[in-house]
Each structure stands twice: as structure tokens, then as C-alpha cells.
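Worksheet: the structure to be examined is printed underneath.
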Amino acid sequence: MIRNIGLDVDPPKSICEDHHCPFHGINPVRIRGRIFSGVIENDKMDNTVIVRQDYLKYSRKFNRYERATSHIPAHNPPCIDAKKGDRVRIAECRPISKTVSFVVVEKL
885 MIRNIGLDVD
895 PPKSICEDHH
905 CPFHGINPVR
915 IRGRIFSGVI
925 ENDKMDNTVI
935 VRQDYLKYSR
945 KFNRYERATS
955 HIPAHNPPCI
965 DAKKGDRVRI
975 AECRPISKTV
985 SFVVVEKL
């Protein structure tokens, strides 16, 4: 059974038994708050990835924009299984661990 998470995303083709999966979980995480897209920098942790988000930051002193990046840890469900270098969309959810409060919802 694939659950509707309230976003306009394509649900994954495979099925997983992950408790923290927003699509298939027994006690699923609910999507709320912010939604980002970025590139996966690191996928060495178990079911967790580091997503790099690039954005422009305005500098008042120099009257122009500068490039900035931030690294956001996100839960990676086995049904999505994103790898390093993939462009993904992540959405905010309840805290899953000490540092993880986002979940990968689709590969772009």
C-alpha cells in the first residue's frame, strides 16, 4: 500500500519495510514545513545521506550576491535508495535522530 504524502511527487516503484518511510512505513513520518532540492554529497551512513544545497546569499557590503552551500542530513528510505551524485528532493519531518529532520521523497 502506497500512502499519499500530500506532495506532487511520483511514488517509488519498489516497496520497503522501513519504519521511517513516508510512503510505506508502519508509523510513517508526516511531511511538514520546508522542501528543498539538492545533490547527495555522502551516502556512507546507514539509511542516511548528506544533501548539499546551493543558494545565493546577498552581501550588503559589496552590493552583490555570493554563492553559499549548506549540508543537510536526510533519511534515505530503501525504496528510493538514492546514491552519491543524485539530485533529490527532501522534505522536513519530525526528528528521526539527533541530527536528521528531513527525508528524501524523490529522485529528480
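Sequential numbering of the sequence shown, starting at 885, is according to our numbering.
Note that beta-carbon positions come from the ideal geometry of N, C-alpha and C, so glycine has one too.
C-beta contact flag for residue i and residue j at 8 Å
| i | j | result |
| --- | --- | --- |
| His959 | Ile980 | yes |
| Phe907 | Cys963 | yes |
| Asp971 | Val893 | It is Arg, not Asp, that sits at residue 971 in the sequence shown. Contact flag unset, no. |
| Val984 | Ala966 | no |
| Leu891 | Ala952 | no |
| Glu950 | Arg936 | no |
| Leu992 | Ser898 | no |
Burial state of residue i, where buried means 16 or more other Cβ atoms lie within 10 Å
| i | result |
| --- | --- |
| Gly969 | exposed |
| Ile956 | buried |
| Glu901 | exposed |
| Phe946 | exposed |
Proximal residues to residue i (C-beta, below 7 Å), its chain only, five neighbours per side dropped
| i | result |
| --- | --- |
| Ile910 | His903 |
| Pro912 | Arg887, Cys905 and Pro906 |
| Pro895 | Ile886 and Phe907 |
Neighbourhood of residue i by C-beta, 6 Å cutoff - its chain only, sequence neighbours within 5 removed
| i | result |
| --- | --- |
| Ile889 | Pro906 and Ile915 |
| Asp938 | Thr953 |
| Pro961 | Cys900, Asp902 and Cys905 |
Contiguous alpha helix (DSSP H) assignments of at least 4 residues, all confined to the region 900–927: Whole alpha helix (DSSP H) segments, 4+ residues: zero.
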